[in-house]
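Note that the sequence shown covers residues 143 to 514 in this note's numbering.
Even for Gly, the Cβ is constructed at its ideal location relative to N, Cα and C.
Since the structure comes first, as C-alpha cells, the remarks are kept for the end.
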Amino acid sequence: MTSAEGEARVGARLRLDVWLRIVAVLIYPLTVSGCGEASRGAPGPTMPVAGPPGSAREGASLRPPESPRSRSSEIAPRPPLPAAFESLREEALALAAALRQRHPDAPEPIDLAGTMHDRFGNLAAATSLWEAWLANHPGSAEAHLRLGKYAREKGEETRAVEHLEQAFNARPDLPGAQILLGESLANVGRADDAIAVLARELPATAGNPNRLTLLGHARLQHGDFAGAKTDFERALAIDPASPHTLYGLSIASGRLGETEAAQRYRADFATRKAESLVRDRANAPARLDDMPAHLQAMAGWYAIAGRIDRARGDTAAAERDWLRALDFAPGQRAARAALVDLYRRQGRDGEARGLLERASATVQPPGSAGRD
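Given below as C-alpha cells:
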C-alpha cells in the first residue's frame with residue numbers, strides 16, 4: 143500500500159469518527175429528555191398529551207436547558223378551560239389553596255385568595271382568611287390593610303379606621319394604606335387626623351392625584367378653603383379629567399368668593415361626571431355570566447401565582463402557573479414576559495423565541511395585564 147493510500151484511509155477513519163460524534167451529540171438530548179412527561183398536580187383534571195393548538199407549549203424546543211430538568215420539575219399537560227362560572231371558581235380557589243399549602247408562611251397567597259373571594263362576592267370568606275392570618279401574625283400590616291378595606295366595603299367605617307391606622311402606623315408606604323386611611327378618617331368626621339395622614343408626601347404617593355384630592359376635601363371639611371384650592375389645583379395638573387377634583391375646586395372657589403371660577407369648574411365637573419358614569423358602566427364588576435371577563439381575571443391570578451412561586455424558589459410551579467395564565471389569555475403580558483425570562487435563564491432559548499414569535503401575532507385585550 144502506497145503512502146498516499148495510507149493517508150486516505152487514515153483521513154476516512156477520522157471523518158467517520160467525527161461523524162459518529164456528531165450523531166451522538168444529536169441523539170443525546172432525546173435520550174435524556176425521555177418519551178413522556180411526569181404528571182404534576184395542576185388544578186383540575188389532566189389531559190392526555192400536550193397543550194391546545196396555539197398555546198404556549200405548542201412547538202416547544204427539544205433542546206434541553208443548560209442544566210437538564212429533573213423529572214420532578216417537568217410540566218404536566220393542562221386541563222381545558224372551564225366552560226361555566228362554577229368550575230372556573232373551583233379552579234381559582236384550588237389555585238389559591240395550592241399556593242397556601244406550598245407557602246404556608248407567606249401572606250401573598252392569602253392576599254390572592256382574599257382577592258378571589260372578593261371578586262366572587264364573598265367578603266365574609268375573604269375577611270375570615272385575613273382574620274385567621276392576623277391571629278397568627280398580630281403585627282401584619284397587610285392583614286390590617288385588607289381587613290380595613292373589607293370593613294369599608296361593608297360600610298363599617300369605624301372598624302375600617304381601626305385596622306387602617308394599624309396598617310399605616312406599621313408601614314406608611316404600604317400601597318393603599320395612606321389613601322384608604324385618609325378617606326376613612328374624613329368619612330368619620332376626623333378631618334384634622336385625615337389632613338395629618340394625607341399631607342405626608344411619601345415616595346409612593348407624593349404625586350398621587352387621589353391623595354391630593356382627598357387632602358383637599360379634608361381641608362374643605364376643616365374650613366381651610368385656600369389650602370383646599372391649592373391641593374385641588376395640584377391634583378388637577380396631574381389628572382385634568384378628575385370629576386372629584388373639579389367638584390372640590392368648584393366648592394373651594396365658591397367659598398373664596400371666586401364666582402366665575404366656581405361656575406366654570408362646576409360646568410367642567412358636570413361634563414366629566416357624565417363621561418365617568420359611561421366608563422363606570424363599561425367597567426362595572428363582571429356578571430356571573432361574563433366569562434370573557436372571568437377568563438382575563440384568571441389569567442391575572444395565575445400570573446400573580448407564578449410570581450409568588452418564583453419568588454419563593456419554586457420555578458417549576460411558576461412555569462406551570464404562567465403557562466396556565468397563557469391558556470386563559472394568550473396575550474397576558476406579565477406571564478409571557480416572566481416565562482421568556484425564565485426560559486432564557488434556563489438556557490431554553492428556543493422556547494423563549496417561540497413565545498415571542500406567537501406574541502407578535504397576538505392582540506392584547508384591554509385590562510388583561512393582571513393584578514400587580
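Residue j and residue i - do their beta-carbons sit closer together than 8 Å?
| i | j | result |
| --- | --- | --- |
| ALA274 | TRP443 | no |
| HIS515 | LEU230 | Absent from the structure is residue 515, since the part of the chain shown begins at 143 and ends at 514. |
| ALA501 | ARG478 | yes |
| SER563 | PRO382 | Residue 563 is absent from the model: the chain starts at 143 and stops at 514. |
| ILE450 | PRO314 | no |
| ASP260 | ALA248 | no |
| LEU271 | LEU254 | no |
| ASP456 | LEU223 | no |
| LYS371 | LEU391 | yes |
| THR355 | PHE374 | yes |
| LEU316 | ALA283 | yes |
| ALA471 | GLN438 | yes |
What residues in its chain sit with their C-beta under 7 Å from that of residue i, if we drop five residues either side in the sequence?
| i | result |
| --- | --- |
| GLY281 | ALA312 |
| PHE367 | ALA394, ARG397, LEU398 |
| ASP463 | TYR444, ALA447, GLY448, ASP451 |
| PHE262 | ARG231 |
| TYR546 | This structure cannot settle anything about residue 546, because the visible part of the chain is limited to 143 through 514. |
| GLN308 | HIS286 |
| LYS415 | PRO385 |
So residue i packs on residue j, CB below 8 Å; how close in whole Å?
| i | j | result |
| --- | --- | --- |
| LEU265 | GLY290 | The pair is not a contact, with the Cβ atoms about 13 Å apart (cut-off 8 Å). |
| ARG353 | LEU362 | Actually they do not touch by this definition, with Cβ atoms about 15 Å apart. |
| ALA459 | ALA441 | Wrong, their Cβ atoms sit about 17 Å apart, outside the cutoff. |
| ILE380 | PRO351 | 4 Å |
Smallest Cα separation from residue i: which of the options?
| i | options | result |
| --- | --- | --- |
| GLU499 | LEU484, GLY473, MET433 | GLY473 |
| ASP364 | ARG332, ASN350, PRO345, ALA348 | One point to set straight first is that residue 364 is His, not Asp, in the sequence displayed. Answer by Cα proximity: ARG332. |
| ALA219 | ARG495, GLU461, LEU356 | Sequence check: residue 219 is Pro here, not Ala. Among ARG495, GLU461, LEU356, the Cα nearest to that of PRO219 belongs to GLU461. |
| GLY448 | SER418, ASP483, PRO434, ARG301 | ASP483 |
| ALA319 | LYS296, LEU287, VAL303 | LEU287 |
| HIS359 | GLY263, THR387, ALA255 | THR387 |
| GLY297 | ASN329, GLY324, ILE321 | ASN329 |
| ASN278 | ALA471, ALA458, PRO246 | PRO246 |
| ALA453 | ARG301, GLU228, ARG244 | ARG244 |
| ALA226 | GLU299, TYR407, THR413, PRO434 | PRO434 |
In chain order, what residues of the same chain have a beta carbon less than 6 Å from the beta carbon of residue i, not counting five sequence neighbours either side?
| i | result |
| --- | --- |
| TYR389 | PHE411 |
| PRO190 | With a pLDDT of only 30 at PRO190, under the threshold of 50, the placement of this residue in the model should not be trusted; the figure read from the coordinates follows. Hits under 6 Å: none found. |
| VAL165 | Caution is warranted here: a pLDDT of 35 is assigned to VAL165, below 50, making its placement in the model unreliable, and the coordinate value is therefore given only provisionally. Closer than 6 Å at Cβ, skipping near neighbours: no residue. |
| GLU325 | LEU356 |
| ALA377 | PRO351, LEU354, THR355, THR387 |
Can you find the residues in the same chain that come closer than 8 Å, C-beta to C-beta, to residue i, ignoring five residues on each side of it along the sequence?
| i | result |
| --- | --- |
| LEU327 | VAL303, ALA333, ASP335, ALA336, VAL339, ALA360 |
| ALA480 | ALA445, GLY448, ARG449, ARG452, ALA460, TRP464 |
| GLU299 | ALA293, SER326, ASN329, VAL330 |
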